[in-house]
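**Student:** I'd like to ask some things about the structure below.
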Amino acid sequence: MESDVPKPEGLRARKRRETLRRIAETGLRLFSERGYEATTLDAIAEAAGISRRTFFSYFKSKEEILLEWQMRGFNAQLREAVLAQPAGGAPVAVVRDAMLQLVAGFRTQEFIGIDRVMRTSEILQARKQASYGLHEQALHAALVERWPDPARSHALRLVAMVSLGAMRLAIEAWIQAGGDQGAAPFLEDAFAQIAAEVCGADGPTAVA
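So this note's numbering is basically just the index in the sequence shown, starting at one, shifted up by 2.
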């Protein structure tokens with residue numbers, strides 16, 4: 003019988019993960035300080051203490067650094083959070099609570115600063131929008147894993163779509179507000195509005 007205890011991460015894998023994180027964080031810092039267009043690959047490599055060749059072993063372009071930041075483990079974290087929620091909750095409530103758990107860890111100034119950088123490029127904006135489709139697929143897969151009845155798959159996809167939409171609007175409102183408070187209240191409000199519009203007066207109990 004196999005043990006449920008995860009195997010320790012190997013030294014090589016840990017070093018690679020640490021180097022990838024160092025390059026990404028260095029690039030993000032330089033983008034914020036100098037601007038995306040003014041930051042060169044050579045500057046990122048030098049500041050991260052690596053060669054240009056090593057940079058290309060981890061990222062193919064500056065754009066990938068921003069996408070790494072945006073996608074950094076989010077789908078895996080969302081899946082884990084969804085599956086970790088207590089049994090008995092409705093799907094929308096489960097997703098809401100899982101998302102609240104994740105946004106609690108957002109680093110406000112980093113998030114807002116890099117979002118501002120991404121808004122300066124139409125290409126980056128397009129890639130950012132495309133990433134939401136990947137988030138939706140990952141969330142749907144997590145919901146199906148929790149509720150495997152094939153008859154519910156379509157409805158669970160709708161939950162994933164609506165929930166990701168709520169999160170997008172909540173994050174946008176949070177950023178526009180300047181990030182002076184955490185993102186959680188904005189997310190809670192977005193889900194409350196879903197309940198009010200879809201379920202009417204019984205909304206709060208329908209998603210609780």
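For every residue, glycine included, the Cβ atom is placed at its ideal position computed from N, Cα and C.
My output table needs one value for PRO8: the three-state DSSP class, helix, strand or coil.
**Tutor:** Residue confidence for PRO8 is low, a pLDDT of 38 falling below 50, so the modelled location carries little weight; the figure read from the coordinates is stated next. The answer is coil: DSSP assigns PRO8 none of H, G, I, E or B.
**Student:** Can the beta-carbon of ALA49 be found closer than 9 Å to that of ARG23?
**Tutor:** no
**Student:** Rounded to the nearest angstrom, how far is the Cβ of LEU80 from that of ALA100, given a contact under 8 Å?
**Tutor:** The beta carbons of LEU80 and ALA100 sit about 6 Å from each other, so the pair counts as a contact at 8 Å.
**Student:** Work out the CA separation of VAL200 and ALA26 for me, nearest whole Å.
**Tutor:** Approximately 41 Å, taken between the alpha carbons.
**Student:** Look at the alpha carbon of ILE177 and the alpha carbon of GLY51, and state the distance between them as a whole number of angstroms.
**Tutor:** 32 Å
**Student:** Considering only residues of the stretch 35 to 117, which uninterrupted alpha helix (DSSP H) runs meet the minimum length of 4 residues and lie entirely inside it, listed in chain order?
**Tutor:** 43 to 50, 54 to 60, 64 to 73, 76 to 86 and 93 to 105
**Student:** Distance check for TYR134 and VAL105, CA to CA, integer angstroms please.
**Tutor:** 16 Å
**Student:** Taking ALA156 as the reference, give the member of LEU171, PRO88, GLN139 and LYS64 with the closest Cα.
**Tutor:** Contrary to the premise, residue 156 reads as His rather than Ala in this sequence. Ranking LEU171, PRO88, GLN139 and LYS64 by Cα distance to HIS156 puts GLN139 first.
**Student:** So, is the C-beta of ALA197 closer than 9 Å to a C-beta in chain B?
**Tutor:** Absence of chain B from the displayed structure is noted, only one protein chain being present.
**Student:** Helix or strand or just coil, what does DSSP make of ALA1?
**Tutor:** What is shown of the chain runs 3 to 210, which leaves residue 1 out entirely.
**Student:** Pick from ALA15, LEU158, THR56 and LEU166: whose alpha carbon is nearest that of PHE193?
**Tutor:** LEU166
**Student:** Considering just the uninterrupted stretch of the alpha helix (DSSP H) at ALA132, what are its terminal residues?
**Tutor:** 124 to 148
**Student:** Which whole-angstrom value describes the C-beta separation of LEU145 and PRO93, a residue pair presumed to lie in contact below a C-beta threshold of 8 Å?
**Tutor:** 6 Å
**Student:** Could you give the distance in angstroms between the alpha-carbon of THR207 and the alpha-carbon of VAL84?
**Tutor:** Reliability fails at THR207, whose pLDDT of 43 lies under 50, so the model's placement of it is uncertain and the value that follows must be treated cautiously. Rounded to the nearest angstrom, the two C-alpha atoms are 20 Å apart.
**Student:** Buried or exposed: LYS64, going by 16 or more other Cβ atoms within 10 Å of its Cβ?
**Tutor:** buried
**Student:** Restricting to Cα atoms, I'd like to know which of LEU158, LEU136 and ARG14 is closest to PHE76.
**Tutor:** LEU136
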